[in-house]
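In what follows, a single structure is set out as structure tokens and then discussed.
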Amino acid sequence: MGQPPRHPRRSIASVRQAYCYAFKGSQLQPNLWGFIRQYFGVYRHATVAHQLYTVNRIVYYFLIMMGAIGALSVLGFQLDKLVIIGSALGIGIGLGLQSIVNNFVSGIIILLEKSIKVGDFIELESGLMGEVQEIKLRSTLIRTADNVDILIPSSEFISGHLINWTMEENIRRFRIPLGVAYGSNKTLVRDCVLKAAASVSYTLNDEKHKPVVWMSGFGDSSLNFMLGVWVEPAAVKRPTQVTSDYLWAIDDALREAGIEIPFPQRDLHLRSSAISFTHDTDTKPPASN
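Here our numbering runs 839 ahead of the position in the sequence shown, where the first position is 1.
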């Protein structure tokens, strides 16, 4: 005699239990993250914040994996047979899932390597600049200065060049170029530019971070200078606004001092010639009709 069929209620109960394993486990992660933030004060120190964020992401994916394994067990799948499924997945990875696996592994490296942290201001090789909002295994969320959210595949951070403006320190020096007319008093130019830099509210002027003015070269129509100035952390993530504020202040200071800011121009010199021009009086104009 064959075995009697399984009771439908038991099957429904198994499905419900599998659902609890698969989805309820992932709901523990937000509660755990809220407890960590409240107990440890995650935003008090950048290093501690990143470490706790990394732990949070690892726990999240661990809960997802354990929930999936538990759900499969409840539904009757034998775990030893998952090895066969894993082998099939390995073939699929070799054929067409290299990009997904590459991004997945790159995301793990980013989380553990600490080269990028949530809150960092980064610049990609393509010129894209923005603040890191979230780091996932497959992609990283960046928010630009125009409040545009962009998802970048994790592999781009590993294989390409990346500039992290706030990796170790959250202050940075900006270089602001300018030019004045030839014949201008260079000392006066330097004093005016330093005065302009001091008038900007987020300029740093301590022992290690003093503004400085360099003479950078002789242009076609101007003496070229460069202002090097350190700014506060809040201003580092607004490079366009920073450049605009300093150029605005420099222009006002130079105009107030009567220093000319040149524009490209060319001088045309006419020289006299020894060639004489004669008028032929014998040539008659054509008769008019």
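Just so you know, even glycine gets a beta-carbon here, dropped at the ideal spot from N, CA and C.
Source: prediction; values computed, not measured.
When the options are compared against residue i, the one with the closest alpha-carbon
| i | options | result |
| --- | --- | --- |
| R1014 | M1065, G958, D1106, R1110 | M1065 |
| V1019 | G958, S1055, K956, Q972 | S1055 |
| S810 | L1043, L1001, E1099, L1017 | Beyond the ends of the chain as shown, which are 840 and 1128, falls residue 810; an answer cannot be given. |
| F996 | D985, W1004, T979 | T979 |
| F960 | P1078, A1088, G1067, R1110 | P1078 |
| V940 | S994, S954, M968 | S994 |
| D1045 | I1098, Q972, K953, E1071 | E1071 |
| Q1080 | L1062, P1050, A984, F1102 | A984 |
| L1001 | V971, D1030, R1105 | V971 |
| L1027 | I1098, E952, R1105 | I1098 |
| G1058 | P1101, L1086, I989 | P1101 |
| A1073 | G958, I989, L951, S938 | G958 |
| H1048 | W1069, D1030, R1029 | W1069 |
| S1060 | P1050, D1030, R1105 | R1105 |
| L951 | K975, L1109, Y1085, S938 | K975 |
| Y1085 | P992, L1109, P1050 | P1050 |
| V944 | S965, P992, D988 | P992 |
Residue i classed as buried or exposed, judged by whether at least 16 other C-beta atoms fall within 10 angstroms
| i | result |
| --- | --- |
| V1032 | buried |
| I949 | buried |
| T1042 | buried |
| N942 | buried |
| K956 | buried |
| T1005 | buried |
| Y882 | Bear in mind that a pLDDT of 47 at Y882, under 50, signals an unreliable position, so the model cannot answer this. |
| Y1021 | exposed |
| P1103 | exposed |
| L1107 | exposed |
| L1062 | buried |
| G969 | buried |
| M840 | Only weak support exists for where M840 lies, its pLDDT of 46 falling under 50; the value from the coordinates is given anyway. Result: exposed. |
| R1110 | exposed |
Supposed close pair residue i, residue j - CB separation, criterion 8 Å
| i | j | result |
| --- | --- | --- |
| N1178 | V1075 | Coverage of the chain is limited to positions 840 through 1128, which leaves residue 1178 absent and any answer about it impossible. |
| S954 | N1024 | Rounded, the Cβ-Cβ distance is 47 Å, inconsistent with contact. |
| R977 | G946 | 6 Å |
| L967 | G999 | That pair is no contact at about 11 Å. |
Beta carbon of residue i nearer than 7 Å to that of residue j
| i | j | result |
| --- | --- | --- |
| V1052 | A1088 | no |
| R1012 | G1067 | yes |
Any non-hydrogen atom of the ligand NAP within 6 Å of residue i CB
| i | result |
| --- | --- |
| F1102 | The ligand NAP is not part of this structure, which contains no ligands at all. |
(message) Using a Cβ distance threshold of 8 Å, determine whether the segment 1084-1103 contacts the segment 1034-1048, with at least three qualifying pairs required.
(response) yes
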